[in-house]
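Mapping to UniProt numbering: the sequence shown position 40 is 40, numbers consecutive.
Remarks on the structure that follows.
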Amino acid sequence: MQPQRQLSPEVRFMEQVEEDGGIRVSTCYQCKKCTNGCPVTFAMDIYPDQVIRLVQMGQRQAVLTCSTIWVCSACETCTTRCPNEVDIAGIMDYLKAQALKSGIVLPQRRTYVFHKVFLDDIRRRGRVFEGGLLPRYMLKSGEAWRKLRELDFKDDLELAYGMLRRGRMALYPQGISMKGRAEIQGLLAQSTR
1 MQPQRQLSPE VRFMEQVEED GGIRVSTCYQ CKKCTNGCPV TFAMDIYPDQ VIRLVQMGQR
61 QAVLTCSTIW VCSACETCTT RCPNEVDIAG IMDYLKAQAL KSGIVLPQRR TYVFHKVFLD
121 DIRRRGRVFE GGLLPRYMLK SGEAWRKLRE LDFKDDLELA YGMLRRGRMA LYPQGISMKG
181 RAEIQGLLAQ STR
């Protein structure tokens, strides 16, 4: 017989998510439409509806250490499908921020590195510059060194060439107005509260 795990709920966790994140969690009644519509559940360790339920049950540690919050692509299919208008994608973003603040070791380091490089790019430029994003990600994640050892850059070069040829990637970063940059800084400051 397996030993039973003991639950140790943080009673105020759901209230904290609702107050700090400004997102209603308590209205979810577990219809599972979010999970059924999610395009990346195949890569998740627990499903979106289970994340919401764990938040409702005060299972902070279980939620902040799961890989699901990092696998979420923020496509908002779940949020759109929710009959109670629970912002599930927003909850995932909030939980990512809480995991980072708490210093929790993430289950998928490369996902965290991409998240960090992506947000750093937005903080610095006000928008993402794809031509710089991938090289910085590859350096910080260690992928560049692996690819260099194995001489495995062919696919990356073909992808970059195709994106440049179709006008999907610029050679140089595009500017953004100071007003727009200030708005983005304000949004980022709000999201990290």
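Each residue gets a CB set at the ideal place from its N, CA and C atoms; glycine is no exception.
The structure displayed is predicted, hence computed values, not measured ones.
Comparing C-alpha positions only, which one of the options sits nearest to residue i?
{"i": "Pro48", "options": "Lys140, Met92, Pro173 and Arg60", "result": "Met92"}
{"i": "Lys96", "options": "Gly21, Arg12 and Cys82", "result": "Gly21"}
{"i": "Ile104", "options": "Arg124, Cys66 and Ser73", "result": "Cys66"}
{"i": "Gln30", "options": "Val11, Gln50 and Arg12", "result": "Gln50"}
{"i": "Tyr172", "options": "Ala74, Phe129, Tyr161 and Leu119", "result": "Phe129"}
{"i": "Ser73", "options": "Met169, Thr27, Arg124 and Ala43", "result": "Ala43"}
{"i": "Asp121", "options": "Gly175, Arg166 and Cys82", "result": "Gly175"}
{"i": "Thr111", "options": "Gly142, Arg124 and Ser102", "result": "Gly142"}
{"i": "Val71", "options": "Arg136, Trp145 and Leu106", "result": "Leu106"}
If contacts are defined as beta-carbon pairs under 8 Å, then residue i and residue j qualify, I think. What distance do you get, rounded to the angstrom?
{"i": "Pro126", "j": "Gly180", "result": "In the sequence under discussion, the amino acid at residue 126 is Gly, which differs from the Pro named in the question. Their Cβ separation, rounded to whole angstroms, is 6 Å, which keeps Gly126 and Gly180 in contact under 8 Å."}
{"i": "Leu64", "j": "Gln108", "result": "Contact flag wrong, Cβ pair sits at about 14 Å."}
{"i": "Glu117", "j": "Lys140", "result": "A small fix is needed here, since residue 117 is Val in this sequence, not Glu. Indeed they touch by this definition, with Cβ atoms about 6 Å apart."}
Leaving aside the five residues before and after residue i along the sequence, list all residues of the same chain whose C-beta is less than 8 Å from its C-beta, in chain order.
{"i": "Val25", "result": "Met14, Val17, Glu18, Ile52, Val55, Gln56, Val86 and Ile91"}
{"i": "Cys78", "result": "Lys33, Cys34, Thr35, Gly37, Cys38, Pro48, Ile88 and Ala89"}
{"i": "Arg12", "result": "Gly58"}
Would you mind sorting residue i into buried or exposed? The rule is 16 or more other CB atoms within 10 Å of its CB.
{"i": "Leu69", "result": "In the sequence under discussion, the amino acid at residue 69 is Ile, which differs from the Leu named in the question. By the 10 Å Cβ count, Ile69 comes out buried."}
{"i": "Gly134", "result": "At residue 134 the sequence reads Leu, which differs from the Gly that was named. So Leu134 ends up on the buried side."}
{"i": "Arg60", "result": "buried"}
{"i": "Ala178", "result": "The amino acid at residue 178 is misidentified as Ala; the sequence shows Met. Exposed, because fewer than 16 other Cβ atoms sit within 10 Å of the Cβ of Met178."}
Tell me which residues share the same chain as residue i and place their Cβ nearer than 7 Å to its Cβ, disregarding the 5 neighbours each side in the sequence.
{"i": "Gln185", "result": "none"}
Given residue i, which residues of its chain have a CB within under 6 Å of its CB, disregarding the five upstream and five downstream residues?
{"i": "Asn84", "result": "Thr27"}
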